[in-house]
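Chemist:
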Amino acid sequence: MPSRHQGPGGGLSAHPITRRQLWALVALTLMWGTNWPMMKYSLRELSPLYFRALTMSCGALWLYGFYRFKGVRMWPQGREWRSVMSLGLPNVLGWHTLAILGVKELASGRAAILGFTMPIWTVLLGVLFFKEKLTSRIGLAVLAVALAIGLLTFNEFTALSGKPLGIVWMELAALSWAAGTLMMRRAHLSMPMETLTVWMLILASLCLWGLAFALEPWPGWQFSAPMWGSLAYGALINYGFAQIIWFGMARQLPPATSAMSIMAIPLIGTLTATLIVGEVPGWQDMVAVVCVMTAIAAVLLPRRPPTV
Numbered sequence: 049m050p051s052r053h054q055g056p057g058g059g060l061s062a063h064p065i066t067r068r069q070l071w072a073l074v075a076l077t078l079m080w081g082t083n084w085p086m087m088k089y090s091l092r093e094l095s096p097l098y099f100r101a102l103t104m105s106c107g108a109l110w111l112y113g114f115y116r117f118k119g120v121r122m123w124p125q126g127r128e129w130r131s132v133m134s135l136g137l138p139n140v141l142g143w144h145t146l147a148i149l150g151v152k153e154l155a156s157g158r159a160a161i162l163g164f165t166m167p168i169w170t171v172l173l174g175v176l177f178f179k180e181k182l183t184s185r186i187g188l189a190v191l192a193v194a195l196a197i198g199l200l201t202f203n204e205f206t207a208l209s210g211k212p213l214g215i216v217w218m219e220l221a222a223l224s225w226a227a228g229t230l231m232m233r234r235a236h237l238s239m240p241m242e243t244l245t246v247w248m249l250i251l252a253s254l255c256l257w258g259l260a261f262a263l264e265p266w267p268g269w270q271f272s273a274p275m276w277g278s279l280a281y282g283a284l285i286n287y288g289f290a291q292i293i294w295f296g297m298a299r300q301l302p303p304a305t306s307a308m309s310i311m312a313i314p315l316i317g318t319l320t321a322t323l324i325v326g327e328v329p330g331w332q333d334m335v336a337v338v339c340v341m342t343a344i345a346a347v348l349l350p351r352r353p354p355t356v
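Per my numbering: the sequence shown = residues 49 to 356.
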């Protein structure tokens, strides 16, 4: 999934989307949506921190090689290292660590729904700490997200195998991602965004290897063939090709198109979970998906200009 380096749709041009961009966006949405049940599948044979450390480090190395070949300056200079560390803490280490702990506890579709409450937390943090305007759209988004979280929390408490702690992990992950997004919007960066992303991934993966070694038993590294495929998906698709596609078109996407892609990711994650890990969504999940999609639309879709 994306580690957002700007507010979704922020700073993007208003040019109409081309057919090539449309297909790329569909592929990107499918990649990041499907990644949620793929993560859940991987956790059947590998503990969460080792899974995250392995896929993130392999993906970061793949991205480093790709962008180095493309001629991008890949080594931060001087004070740029401070930006890598300060922005990487919430955007990558916080989000990806807390999210994988949430996926371990929850159905993958529910984890995706809760994780993508991030845009709403972003605007709320902006209102609380940066005196951004509280609008009726934000009020609608808050109510929709509260309903979604309430539905899933109630269901987790009442289910025999319910694990409400997973909801806490996912909302902490969303808050970390939201705080990182606000920091990214206000950062004055002199390095290429690709360089920032790669080094945030590299440093976060080193931290994750240390945490995994300290907190989890050493894996046997003898996995089934489907498991190796799932790990390859996490490294090469989620952290690799998806990021490349995103960087290739993010600055040209219209804001509404970018928002629609973000809205669709939790829906894709919920629906593909049935095929990949056999999780059948209940009515609470589908209503929660609609609520979160409504909330994202309220805070991300641009207002229509007034008619004259």
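All residues carry an ideal CB built from backbone N, CA and C; glycine is no exception. Keep in mind the model is a prediction, meaning the values are calculated, not measured.
At a cut of 8 Å, does the segment 69-88 reach the segment 148-158 through at least three beta carbon pairs?
Modeler: Contact holds: three or more Cβ-Cβ distances are below 8 Å.
Chemist: Which ranges does the beta strand (DSSP E) cover as unbroken runs of at least 3 residues, wholly within the segment 147-189, from first to last along the chain?
Modeler: Counting whole runs of 3 or more residues, the segment 147-189 contains no beta strand (DSSP E) stretch at all.
Chemist: For the alpha helix (DSSP H) containing residue 125, list its first residue and its last residue.
Modeler: Numbered from 1 along the sequence shown, position 77 holds the residue referred to as residue 125. Taken as a continuous stretch (DSSP letters only), residue 125 belongs to no alpha helix (DSSP H), as it is neither H nor E.
Chemist: Between the segment 314-326 and the segment 100-116, can you find at least three pairs of beta-carbon atoms closer than 8 Å?
Modeler: As far as the Cβ criterion goes, the segment 100-116 does not touch the segment 314-326, which means the pair count is below three.
Chemist: Is the beta carbon of residue 212 less than 8 Å from the beta carbon of residue 204?
Modeler: As a working note, residue 212 is residue 164 in the sequence shown. As a working note, residue 204 is residue 156 in the sequence shown. Yes, Cβ-Cβ distance for residue 212 and residue 204 is below 8 Å.
Chemist: Counting only the same chain and skipping the five closest in sequence on each side, list residues whose C-beta sits under 8 Å from that of residue 296.
Modeler: For this step, residue 296 is matched to residue 248 along the sequence shown. Hits under 8 Å: 72.
Chemist: Using 8 Å as the threshold, is the segment 119-135 in touch with the segment 260-280, meaning 3 or more CB pairs across them?
Modeler: No: fewer than three Cβ pairs fall under 8 Å.
Chemist: Here's the rule: buried if 16 or more other CB atoms are within 10 angstroms of the residue's CB, otherwise exposed. What is residue 119?
Modeler: On the sequence shown, residue 119 is found 71 positions in, with the first residue counted as 1. Residue 119 is exposed by the Cβ-count criterion.
Chemist: Which residue from 173, 280, 112 puts its Cα closest to that of residue 347?
Modeler: Within the sequence shown, numbered from 1, the residue matching residue 347 stands at position 299. Measuring from the Cα of residue 347, the nearest candidate turns out to be 173.
Chemist: Sorted by chain position, which residues of the same chain lie with C-beta nearer than 8 Å to residue 330's C-beta, five sequence neighbours on each side aside?
Modeler: Locating residue 330 in the sequence shown gives position 282, where the first residue counts as 1. The answer, listed in chain order, is 203.
Chemist: Hey, would you say the C-beta of residue 296 is under 7 Å away from at least one heavy atom of the ligand FMN?
Modeler: The model depicted lacks the ligand FMN and carries no ligand whatsoever.
Chemist: Determine the DSSP secondary structure at residue 330, reduced to helix, strand or coil.
Modeler: For the purposes of this step, residue 330 is taken as the residue at position 282 of the sequence shown. In this structure, residue 330 counts as coil in the three-state DSSP scheme.
Chemist: I'd like to check one pair, residue 228 with residue 143: are the Cβ atoms closer than 8 Å?
Modeler: Residue mapping note: residue 143 aligns to position 95 of the sequence shown, counting from 1. Residue mapping note: residue 228 aligns to position 180 of the sequence shown, counting from 1. Yes, the pair counts as a contact, with Cβ atoms nearer than the cut-off.
Chemist: In the segment 272-303, which residue ranges form an unbroken beta strand (DSSP E) of at least 3 residues, counting only runs that do not cross its ends?
Modeler: Segments of the beta strand (DSSP E) lying fully in the segment 272-303: there are none.
Chemist: Which first and last residues belong to the alpha helix (DSSP H) in which residue 242 is found?
Modeler: Numbered from its first residue, the sequence shown carries residue 242 at position 194. Here the alpha helix (DSSP H) through residue 242 covers 241-263.
Chemist: State the start and end residues of the unbroken alpha helix (DSSP H) segment that holds residue 88.
Modeler: Taking the sequence shown and counting its residues from 1, one reaches residue 88 at position 40. Taken as a continuous stretch (DSSP letters only), the alpha helix (DSSP H) holding residue 88 covers 67-90.
Chemist: Which residue's Cα is closest to the Cα of residue 344: 188, 139, 80?
Modeler: The sequence position of residue 344 within the sequence shown is 296, counting from 1. If we check each option's Cα against that of residue 344, 188 comes out closest.
Chemist: Beta-carbon within less than 7 Å of residue 256's beta-carbon, same chain only, minus the 5 sequence neighbours each way: which residues are those?
Modeler: Sequence index remark: in the sequence shown, residue 256 carries index 208 (1-based). Result list for residue 256: 97, 100, 101, 104, 145, in chain order.
Chemist: Is it buried or exposed, residue 206, if we count other Cβ atoms within 10 angstroms and call 16 or more buried?
Modeler: As a working mapping, residue 206 is identified with position 158 in the sequence shown. Looking at its Cβ environment, which holds fewer than 16 other Cβ atoms inside 10 Å, residue 206 is exposed.
Chemist: Pop quiz: residue 95 and residue 267 are said to be a contact at Cβ under 8 Å. What is the actual Cβ separation, rounded to whole angstroms?
Modeler: Sequence index remark: in the sequence shown, residue 95 carries index 47 (1-based). Sequence index remark: in the sequence shown, residue 267 carries index 219 (1-based). Between residue 267 and residue 95 the Cβ distance is about 7 Å, and since that is below 8 Å, they are a contact.
Chemist: Rounded to the nearest angstrom, what separates residue 221 and residue 166 at their Cα positions?
Modeler: Numbered from 1 along the sequence shown, position 173 holds the residue referred to as residue 221. Numbered from 1 along the sequence shown, position 118 holds the residue referred to as residue 166. Rounded to whole angstroms, residue 221 to residue 166 spans 8 Å at the Cα level.
Chemist: I need the DSSP call for residue 130, collapsed to helix, strand or coil.
Modeler: Indexing the sequence shown from 1 puts residue 130 at position 82. Helix, per DSSP.
Chemist: Using only alpha-carbon positions, find the residue among 70, 69, 79 that is nearest to residue 289.
Modeler: Taking the sequence shown and counting its residues from 1, one reaches residue 289 at position 241. Checked all of 70, 69, 79; the closest Cα to residue 289 is 79.
Chemist: Quick one: grab the DSSP three-state call for residue 119.
Modeler: For the purposes of this step, residue 119 is taken as residue 71 along the sequence shown, with counting starting at 1. Residue 119: coil per DSSP, three-state reduction.
Chemist: Would you mind reading off the limits of the alpha helix (DSSP H) that contains residue 220?
Modeler: As a first step, residue 220 is located in the sequence shown; it is residue number 172 there, counting from the start. Element bounds for residue 220: 213-234.
Chemist: So what's residue 266 in DSSP terms, helix, strand or just coil?
Modeler: The residue given as residue 266 occupies position 218 in the sequence shown. Of the three classes helix, strand and coil, the one that applies to residue 266 here is coil, per DSSP.
Chemist: If you draw a straight line from the C-alpha of residue 65 to the C-alpha of residue 199, how long is it?
Modeler: For the purposes of this step, residue 65 is taken as residue 17 along the sequence shown, with counting starting at 1. For the purposes of this step, residue 199 is taken as residue 151 along the sequence shown, with counting starting at 1. Rounded to the nearest angstrom, the two C-alpha atoms are 36 Å apart.
Chemist: Please report the distance separating the alpha-carbon of residue 194 from that of residue 216.
Modeler: As a working mapping, residue 194 is identified with position 146 in the sequence shown. As a working mapping, residue 216 is identified with position 168 in the sequence shown. Their Cα atoms are separated by approximately 14 Å.
Chemist: In whole angstroms, what separates the C-alpha of residue 75 from that of residue 112?
Modeler: Here the question's residue 75 lines up with position 27 in the sequence shown. Here the question's residue 112 lines up with position 64 in the sequence shown. C-alpha separation (whole angstroms): 22 Å.
Chemist: Taking the straight line between their C-alpha atoms, what separation do you get for residue 334 and residue 134?
Modeler: Numbered from 1 along the sequence shown, position 286 holds the residue referred to as residue 334. Numbered from 1 along the sequence shown, position 86 holds the residue referred to as residue 134. The straight-line gap from Cα to Cα measures roughly 36 Å.
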